[in-house]
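Colleague: Those protein sequences? They're chains B, E, A, P, V and H, same order as listed.
Just so we're aligned: 4 in this note's numbering is position 4 of the first sequence, and the numbers increase by one with no gaps anywhere.
Just so we're aligned: 22 in this note's numbering is position 22 of the second sequence, and the numbers increase by one with no gaps anywhere.
Just so we're aligned: 122 in this note's numbering is position 122 of the third sequence, and the numbers increase by one with no gaps anywhere.
Just so we're aligned: 301 in this note's numbering is position 301 of the fourth sequence, and the numbers increase by one with no gaps anywhere.
Just so we're aligned: 264 in this note's numbering is position 264 of the fifth sequence, and the numbers increase by one with no gaps anywhere.
Just so we're aligned: 28 in this note's numbering is position 28 of the sixth sequence, and the numbers increase by one with no gaps anywhere.
Quick one: the structure is below, questions incoming.
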Amino acid sequence: MLAATLLQAVMSAPDQQLIDIGLRLALIGMGTVFIGLLILSVSLPLVKKIAEGKKARLVAAGSEVTPAELTKHEVAAITTAIHAHLLRINKLEDMKLTWEMYEKPYSPWRMAGRSKMLIDRTSFRQRSR
Amino acid sequence: MLAATLLQAVMSAPDQQLIDIGLRLALIGMGTVFIGLLILSVSLPLVKKIAEGKKARLVAAGSEVTPAELTKHEVAAITTAIHAHLLRINKLEDMKLTWEMYEKPYSPWRMAGRSKMLIDRTSFRQRSR
Amino acid sequence: MLAATLLQAVMSAPDQQLIDIGLRLALIGMGTVFIGLLILSVSLPLVKKIAEGKKARLVAAGSEVTPAELTKHEVAAITTAIHAHLLRINKLEDMKLTWEMYEKPYSPWRMAGRSKMLIDRTSFRQRSR
Amino acid sequence: MILATRLLTALTANTGELNLSNVNFASYLGDSGFGQIEIGNVIMIIMGIVMIYLAIKKDYEPLLLIPIGFGIIAGNMPYNPDLIPIGYLDVLGGQQSVFKMFYFGVSSGLFPPLIFLGIGAMTDFSALLSNPKLLLLGAAAQIGIFITLLGSLFLGFNIQEAAAIGIIGGADGPTAIFVASQMAPHLLGAIAIAAYSYMGLVPVIQPPIMRLLTTDEERRRKMKPTRHVSQTEKILFPIIAFFITAFIAPGAITLLGMLFFGNLLKESGVTRRLADSAQGSLNNIVVILLGFSVGTSTQARYFLTTDSIKIFVLGALSFAIATAGGVLFAKFMNLFLKGDNKLNPLVGAAGVSAVPDSARVVEVEGRKYDKSNHLLMHAMAPNVAGVIGSAIAAGVLLSMVPH
Amino acid sequence: MILATRLLTALTANTGELNLSNVNFASYLGDSGFGQIEIGNVIMIIMGIVMIYLAIKKDYEPLLLIPIGFGIIAGNMPYNPDLIPIGYLDVLGGQQSVFKMFYFGVSSGLFPPLIFLGIGAMTDFSALLSNPKLLLLGAAAQIGIFITLLGSLFLGFNIQEAAAIGIIGGADGPTAIFVASQMAPHLLGAIAIAAYSYMGLVPVIQPPIMRLLTTDEERRRKMKPTRHVSQTEKILFPIIAFFITAFIAPGAITLLGMLFFGNLLKESGVTRRLADSAQGSLNNIVVILLGFSVGTSTQARYFLTTDSIKIFVLGALSFAIATAGGVLFAKFMNLFLKGDNKLNPLVGAAGVSAVPDSARVVEVEGRKYDKSNHLLMHAMAPNVAGVIGSAIAAGVLLSMVPH
Amino acid sequence: MILATRLLTALTANTGELNLSNVNFASYLGDSGFGQIEIGNVIMIIMGIVMIYLAIKKDYEPLLLIPIGFGIIAGNMPYNPDLIPIGYLDVLGGQQSVFKMFYFGVSSGLFPPLIFLGIGAMTDFSALLSNPKLLLLGAAAQIGIFITLLGSLFLGFNIQEAAAIGIIGGADGPTAIFVASQMAPHLLGAIAIAAYSYMGLVPVIQPPIMRLLTTDEERRRKMKPTRHVSQTEKILFPIIAFFITAFIAPGAITLLGMLFFGNLLKESGVTRRLADSAQGSLNNIVVILLGFSVGTSTQARYFLTTDSIKIFVLGALSFAIATAGGVLFAKFMNLFLKGDNKLNPLVGAAGVSAVPDSARVVEVEGRKYDKSNHLLMHAMAPNVAGVIGSAIAAGVLLSMVPH
Ligand code: NA
Ligand code: NA
Ligand code: NA
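In structure tokens form, the structure reads like this:
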């Protein structure tokens, strides 16, 4: 039945002019898409140049240390150091955050979740994925 | 005065037909609520059966370890292990998160809060609740 | 040209009545702003009194320990203790949070970010600010 | 000459009725609060302050009472409505007031289903799945709705108004607002304030009724622990529950559709980010705007009427009846239940909904008589069933009463 | 006498056509699901359940299929539209249904640009910046749009309808909805459902076509690792890309403007909180409402038509053609590329967009033939280029076809 | 024959004026940017790029300048408005453009109060509570508003326009937009851009004026440390401050109501989740849409007028006068204050509002002369007082000037 419907639809094909319009639309449309993305793709290396031009001044003197040379442990060490440094700056703020995170353990809107926790207390959710 | 108002209102009682309509509405309404929730309550065991049918296949071979048997320390250990495992998967992403969390410590929109922190630097907020 | 435009505009000055209205608006407006903020500023000490009246009852007996006396280490210790205490209360809930945070590491909507991580794996973002 | 004409035109055309004689400080004061204040505004503002006080000090539904309370204050600050549109009904020179735009979410019925979406996304139906027969307690408590409907007819309200007032007894703010917005928009403010006020006052209203209708022995009764509910059950529940309830009460499709949709987002396990926003930021935004709007809709000139007083009296009545209905039906069910299957009738009081406050009241009351008796989990079942029940009741009324 | 008159007036004026004879249980049942259910509703509801099942079990685009699936269920629950406005087109007595208000975001074209804002704020264009020539694969895959357009004309649709149906081949839900809402609102439901369904089914549709058109050797080919992209490049990209694309296809300004605006918020480094909300809560809220609305717009009485069937057939066709277009164009490009610059043609399949599912399919297919071959990063480039490409195509059609 | 007729009908009825001769590449190019670009668009787009550059490089109000800057670009990309509705005023064949729908939040006055809600929820009024007399500095800086109003009258604007332009001197974007949307919608774009641009340029505009009007000794002066403010004070403040300000200036009820409502949500301690969303996701969403909309409303054809130039000149003037007003009034107050109660007059500059940028400028200037002198906390008091002050001024103008 589906096939019949489709067949019948194709049979009563629209006149040539409509198809011509469709073909032209397709040509212009496909052309514009290609031209647009082509111009974009040739302009992206320019973007890179502009960006590098700015960076060049910064790294002119010494050779930039490529991060690729860092070992996993060095990465961890640096991250921790930066973390600790910034932590000190933000200490008071963090304290407040920590503090307030536990501020209202029996809020009414958290009750539903809490009662579920009580039910599921000793069980873990099994996830199939 | 309130009493008088109410009394007067009750005195000018509506005609019998309106009350009849009200009574029928009440009956049909209450009936529908009861029937609806009754059907729901008898269908829930079916839901359980469907769900169990699916699960049965999974646990057919061995007996499921009931989480209730885990001690607090085991729970902690397992959670930590899973956490550590997933942490490794998400390490780079997490690093980024940590990194960016402290990215802009002097953002203009955080100034108000920051100035408050400076004021309250040495004091803790007393909460009555 | 800009100067000419402005000059011309000023030359064709509006009649006296419009200026009079403007002057009165300015006077009433500026007056209202001042009166409003003046009343507010004299009423704020009252707010303080009301608030202190309530607090007075609480601290009547002993002298309040000013938090300024706490050392950094004491603050850290107290915070940790409170944190630990509340953590116990919220343990199950927290566990759930930890658990679920890593629930779906390959969610489709996180793919874009993830593919970026793979690219930038060994590099750190240089920030100019 | 031309300049003079230009200016004359400018003055008359552009500045409207503004002329020098109007622009003076006395005239300004007359249009400020000093000239516009009325006793009704003062009464309403005090009511708003009391609500805020109760919310902060007593923790009565703060997420609702603070927005409503401040909204009452903002809606009742005196102003001259001929000069600038501020109030929730004001339109001046084609410009709607901002409060009217906020209120559109209430008057159009848009906010309540969004709230239900959020409630669905934060509700865990485990308790209900664990003990399905407790659903019936949520049905029984809806008796408050229909008795209040009859009472409203007696007090002279028409059938649409009576239906809207009755839903206060459902103890569900969004449901009450939804029905009122469709059936009796002119009573919406009073109905919403009554519903939310009594929801906030649940810890005051319910306990005496619960004690009156139960014996000491009943109150001490412990119930069987709830069973663990699997994830598959939780996923199937919102779909199946929606089929049954929407089939029986199509008028409830909008509200229950959003409720169970939210719940499916929560339980499916694959749409966490949607569930988080549904119950998080979206819900918060709607709660802020809904509460504040309802507050601003209590402008004294429209709100302080005998109808409002009647609605408050009927509302209190309906909460009391609903509570009694739940407790008594639990005792009735006990006639057919044996041994440790018997219910603690206190749990019936949670059938009024008012989630989760009435369940909390049950827990607190139960522990007054036995410190080790935790009824919270059991009370959650009738509690969420009460939400469904009053949505069904609303659906029936919306279908049957032309509006 | 006066009382009687008052009551008579009240009854006739206030209760509309309500009278005692209408208020009975049989009449109520007739207006409930029992009396209103039709076979079409049942078919659609089953379709909704299947979508939810696929989303949860197979993880096919759950963020879209679950809201749409539940929306289909909610939109097809039976009710009597003369009593209460529920459906997405219902207005009764001046009161719009809530679903109609939700649907406004779809029918007005408001939601798609907001989704694009979120997509921009979560998309990393590094892959594309790293290898710009892969952009052309995203262009090639848009052939699906225009061949489907021609096919639609053959099947008897008019030019506006054909344009809207063609955009399904763009494999971009929001773009398809945006174009349909402007060009052929009466087909919007079917087009949206087709677009999202096939986006969900990308892991089923694409692999056979990809295998058919590639040799074993091609599928095993590894590509050069992508280069590191600097932050400045990423900041410049959205601005420059917007200039070029909007200049060439002004009809795409709305969609691409929001896409690149979102991306600038992400990359600028100084608007983190805005980017977070654009891709977080705002995106989630819009996804919830858009998906659900699209679902409710499949009410059987309007949806189950031969037009819908044709649209589904054309949609499947367009996805297949788009995939083939991308793969074949990659092979064509290889004629001009040398050595390790040659492309793995599988990557071309990602040009259809359907971000990021089709890129994932490429990765999975590639690894079937060489475990160590990771194509994901390379596939992301045509993938996001496909989004831009179909927006340009949409812009051209919106400009050229009067509507 | 019948078929031919059907097709003819279809072609004429369905495809509108579409015919073969129109569908060619030359005609398409004519409707694209190539045929539609105008010099005005180029000027505006460059302006947008400069804004984005300043936001990213100099950190000038990035949360506002990036949305506005990109909005300017998007609003000025060339297109043919007869083919498709894109611009912020476009309606075509009953279909509103998306940008027009976004802009509704600006033109209706809906966004500014929502922004104020967020500002309230993120503002800490401790500094002000600690030293109430600094409130007067926030009053003094409003002189910029009224002198600009007079200046605008001299430049030929009518009284409504002059009032709207004057509010730029309040250095509060949302307040300026709110007043302009009610008083002079046709100038809204220019006023909004001027207000936000100068708010971004506060670090450039203020310092020279501050140095000109103060002595070295004054700039080095240290102020008494602020006292600790209790939580109860903070809870009472928004309520009491709203009473006083709304009573005196009812026209400010909408803006100040939302500001103090937001602050109560923050300080009450029981509505954290509402405060979080008010200052978080809701605020971000509104900031994104408001900034972008304001940007799109600068379409060259409407924006590049001598009126806009005048508004920019007046805006710069008003910021300068406001700064001078604050500094000079601080010096005036010092005539009555003794010893270490004397103010550092730099603090007066923060009275213009532009929260928190002008407070930051005060801190930076102060430390230029004494590294150990931290004026930030003291500057926050006039800073937030300036917000209240300009809202009061706006309220007075909205009440007195018919519109
Ligand atoms: Na209820
Ligand atoms: Na595409
Ligand atoms: Na100001």
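Quick reminder that beta carbons are idealized off the backbone N, C-alpha and C, glycines included.
1. Is the region 311 to 331 of chain P touching the region 96 to 106 of chain P in the sense that three or more CB pairs, one from each, lie closer than 8 Å?
2. Pull up the distance between the alpha-carbon of residue 71 (chain V) and that of residue 396 (chain P), whole angstroms please.
3. Would residue 203 (chain H) pass as an interface residue toward chain V - the criterion being a Cβ-Cβ separation below 8 Å?
4. Would you mind working out which of P:107, P:269 and P:368 sits nearest residue 186 (chain P), comparing C-alpha positions?
5. Closer than 8 Å, CB to CB, is residue 76 (chain H) near chain V or not?
6. Considering only residues of the same chain and omitting the five flanking positions on each side of residue 37 (chain P), which have a CB-CB separation below 6 Å?
7. State yes or no: is the C-beta of residue 252 (chain H) nearer than 7 Å to some heavy atom of ligand 4?
8. For residue 387 (chain P), which of P:400, P:199 and P:280 has the nearest alpha-carbon?
9. Between the region 370 to 389 of chain P and the region 149 to 157 of chain P, are three or more C-beta pairs nearer than 8 Å?
10. Taking residue 323 (chain H) and residue 168 (chain H) to be in contact with their CB atoms under 8 Å, please state how far apart those CB atoms are, rounded to whole angstroms.
11. Distance cutoff 8 Å, beta carbons only. Does residue 28 (chain P) sit that close to anything in chain A?
12. Using a C-beta to C-beta distance shorter than 8 Å, which residues of chain V count as neighbours of residue 292 (chain H)?
13. Say whether the region 217 to 235 of chain V touches the region 127 to 134 of chain V, bearing in mind that this needs 3 or more beta-carbon pairs closer than 8 Å, one atom from each stretch.
14. Spatial neighbours of residue 318 (chain V) within its chain, please: C-beta separation below 6 Å, excluding the five flanking residues on both sides.
15. Check the DSSP bridge columns for residue 91 (chain V) and list the partner residues they point to.
16. Indicate whether at least one CB of chain V lies closer than 8 Å to the CB of residue 21 (chain E).
17. Using the three-state DSSP reduction, which class does residue 53 (chain H) fall into: helix, strand or coil?
18. Return the chain-ordered ranges of every alpha helix (DSSP H) run that is complete within the region 146 to 225 of chain P and spans a minimum of 4 residues.
19. Using a Cβ cut-off of 8 Å (strictly closer), state whether residue 38 (chain B) contacts chain H.
20. Please tell me whether, using a cut-off of 7 Å, the distance from the CB of residue 396 (chain P) to the nearest non-hydrogen atom of ligand 1 is below it.
21. At a threshold of 7 Å, does residue 93 (chain P) count as lining ligand 1 (C-beta to nearest heavy atom)?
22. For a minimum of 4 consecutive residues, which ranges assigned as the alpha helix (DSSP H) are wholly contained in the region 321 to 398 of chain H?
23. Look at the alpha carbon of residue 83 (chain P) and the alpha carbon of residue 41 (chain P), and state the distance between them as a whole number of angstroms.
24. What number of angstroms, rounded off, separates the C-alpha of residue 33 (chain E) from the C-alpha of residue 30 (chain P)?
25. Got a sec, what are the start and stop residues for the alpha helix (DSSP H) residue 296 (chain P) sits in?
26. Which residue comes first and which comes last in the alpha helix (DSSP H) that contains residue 110 (chain P)?
27. Suppose you measure from the CA of residue 290 (chain V) to the CA of residue 195 (chain V); what does that come to, to the nearest Å?
28. Give the straight-line distance between the Cα atoms of residue 57 (chain H) and residue 263 (chain V), rounded to the nearest whole angstrom.
29. Measuring straight from C-alpha to C-alpha, what distance separates residue 265 (chain V) and residue 24 (chain B)?
30. If you count every other CB in all the chains shown that lies within 10 Å of the CB of residue 341 (chain P), and 16 or more means buried, which is it?
31. Under a three-way DSSP split, which group does residue 103 (chain P) fall into?
32. Hey, residue 115 (chain H) and residue 62 (chain H) are a contact pair by Cβ (cut 8 Å); roughly how many whole angstroms apart?
33. Would you verify that the beta carbon of residue 46 (chain E) is, or is not, closer than 8 Å to some beta carbon of chain V?
34. When a residue counts only if its C-beta is closer than 6 Å to some heavy atom of ligand 1, which residues count, in chain order?
35. Can you pull the chain B neighbours of residue 25 (chain H), defined as C-beta to C-beta under 9 Å?
Modeller: On the basis of the coordinates in this document:
1. no
2. 22 Å
3. For residue 203 (chain H), no Cβ of chain V is located within less than 8 Å of the residue's own Cβ.
4. P:107
5. no
6. 78
7. This structure lacks ligand 4; its bound ligands are ligand 1, ligand 2 and ligand 3.
8. Ranking P:400, P:199 and P:280 by Cα distance to residue 387 (chain P) puts P:199 first.
9. no
10. Actually they are not in contact, since the Cβ atoms of residue 323 (chain H) and residue 168 (chain H) sit about 13 Å apart, beyond 8 Å.
11. yes
12. Going along chain V in sequence order, the residues near residue 292 (chain H) (Cβ under 8 Å) are 261.
13. yes
14. So the list reads 144, 148, 168 and 169, once near-sequence residues are dropped.
15. V:96
16. yes
17. helix
18. 159 to 166, 173 to 183, 188 to 200, 202 to 212 and 216 to 220
19. no
20. Short note on residue 396 (chain P): C-beta not closer than 7 Å to any heavy atom of ligand 1.
21. no
22. Entirely contained in the region 321 to 398 of chain H, the alpha helix (DSSP H) runs reaching 4 residues are, in chain order, 357 to 369.
23. Cα to Cα, residue 83 (chain P) sits roughly 19 Å from residue 41 (chain P).
24. Straight-line measurement puts the Cα of residue 30 (chain P) at about 55 Å from the Cα of residue 33 (chain E).
25. 281 to 296
26. Counting along the chain, residue 110 (chain P) falls outside any alpha helix (DSSP H), and DSSP gives it neither H nor E.
27. CA-CA distance, residue 290 (chain V) to residue 195 (chain V), rounds to 13 Å.
28. 17 Å
29. 38 Å
30. exposed
31. Under the three-state reduction of DSSP, residue 103 (chain P) is assigned to helix.
32. Their Cβ separation, rounded to whole angstroms, is 16 Å, which puts residue 115 (chain H) and residue 62 (chain H) out of contact at 8 Å.
33. Put simply, the CB of residue 46 (chain E) is far from chain V, with every gap to its CB atoms at 8 Å or more.
34. P:170, P:171, P:172, P:352, P:353, P:386, P:387, P:389 and P:390
35. 24, 27, 28, 31 and 32
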